[in-house]
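Shown next, in structure tokens, is the structure this report addresses.
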Amino acid sequence: MLWLYGQAPHRGEPLPESAQEIAKGGELRFHPLRQEWNVYAAHRQNRTFKPSDADNPLGPSKIGGAETEIPFEDFELAIFENRFAAFHPDAGPTANLAGLAAEPARGACEVVVYDPRPSGSLETIGQAHREVLLAALIDRYDALFSAGCAYVLPFENRGDEVGVTLHHPHGQIYGFENVPQVQQRAVDAFAAGYDLATEIAEAMPDYG
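Residue 1317 is where the sequence shown starts when you use the working numbering, and the numbers rise one by one after that.
What follows is the structure in structure tokens.
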């Protein structure tokens, strides 16, 4: 599935799309010592790794060129389902290992392509384009919550050190069937009265 966003209605006919299927094999395994669920998705080791500019899967498609995830010659901002998803609404079945508690890693993994240009960042795309991005994230928030996700997390990894394999400016959206343990602790802290805004204001009075 592909969603296109922009300041103006998108125009242009689609080019051929990739026939590669979306992986759905992620699973959650319970860690008995840490008392938490962890995701395992071995198929992600096969994801696209630092392709050449000509094979960039996040760029616009070109007639006669390699297929990309966005089958149009131009776009403003695109969101699509990650083909190497750790979480998927149709995940399963799990490994049948004795003594191991496991469940399908159900949820959603989406890729957010900020810009058709192969280099840049949230800083360089400009304020008008950042507003389009925020509107797109809100739209996907609403859709994923409506589809049954309990927690939606947009984020961006940056740099080889954290495992980035595509340097085209992009982020991701994860939708979880259950609220992750770390985020649930934060929810509980806010419910108990923790005020982050006040703490920031006291620690950094010049902030904002």
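For every residue, glycine included, the Cβ atom is placed at its ideal position computed from N, Cα and C.
According to DSSP, residues forming a beta bridge with residue i
| i | result |
| --- | --- |
| P1470 | I1489 |
| C1425 | Y1490 |
| P1420 | E1343 |
| L1320 | A1394 |
Cut-off 8 angstroms between Cβ atoms - residues of its own chain near residue i, not counting five sequence neighbours on either side
| i | result |
| --- | --- |
| L1482 | T1364, K1366, P1367, N1372, P1373, L1374 |
| L1393 | L1320, Y1321, G1322, V1428, V1429, Y1430, D1431, H1445, V1448, L1449, A1452 |
| E1389 | G1328, L1331, P1376, S1377, K1378, I1379 |
| A1463 | P1405, A1424, G1491 |
| V1503 | V1495 |
| L1512 | F1506 |
Proximal residues to residue i (C-beta, below 6 angstroms), its chain only, five neighbours per side dropped
| i | result |
| --- | --- |
| L1460 | A1424, V1468, G1491 |
| Y1457 | V1468 |
| H1404 | K1340 |
| Y1523 | I1516 |
Through-space distance from residue j to residue i, alpha-carbon basis
| i | j | result |
| --- | --- | --- |
| L1300 | Y1321 | Past the edges of the chain, shown from 1317 to 1524, lies residue 1300, and the structure says nothing about it. |
| G1475 | P1376 | 22 angstroms |
| G1328 | W1319 | 14 angstroms |
| D1369 | P1434 | 8 angstroms |
| H1298 | V1355 | The requested residue 1298 does not occur in the structure, where the chain is confined to residues 1317 to 1524. |
| L1331 | Y1510 | 51 angstroms |
| F1506 | L1416 | 34 angstroms |
| E1493 | G1408 | 14 angstroms |
| F1471 | W1353 | 20 angstroms |
| N1412 | E1419 | 10 angstroms |
| E1383 | H1484 | 16 angstroms |
| Q1526 | R1345 | There is simply no residue 1526 to check, as the chain begins at 1317 and stops at 1524 in what is shown. |
| G1381 | P1387 | 11 angstroms |
| G1442 | N1362 | 33 angstroms |
Same chain, Cβ closer than 7 angstroms to residue i, neighbours up to 5 away in sequence not counted
| i | result |
| --- | --- |
| R1399 | Q1336, I1338, A1339 |
| N1473 | G1479, V1480 |
| H1326 | L1320, F1391 |
| E1439 | none |
| V1498 | none |
| H1359 | A1339, G1341, F1400 |
Coil, strand or helix - residue i by DSSP
| i | result |
| --- | --- |
| R1345 | strand |
| N1372 | coil |
| N1398 | coil |
| N1354 | strand |
| I1386 | strand |
| Y1430 | coil |
| N1362 | helix |
| L1413 | coil |
| E1447 | helix |
| Q1336 | coil |
Integer-rounded CB distance, given that residue j should sit under 8 angstroms from residue i
| i | j | result |
| --- | --- | --- |
| E1385 | S1437 | Rounded, the Cβ-Cβ distance is 20 angstroms, inconsistent with contact. |
| A1357 | A1402 | 4 angstroms |
| A1414 | E1343 | Not a contact, Cβ separation roughly 16 angstroms. |
| D1454 | E1426 | Looking at the sequence provided, one finds Ile at residue 1454 rather than Asp. Actually they are not in contact, since the Cβ atoms of I1454 and E1426 sit about 14 angstroms apart, beyond 8 angstroms. |
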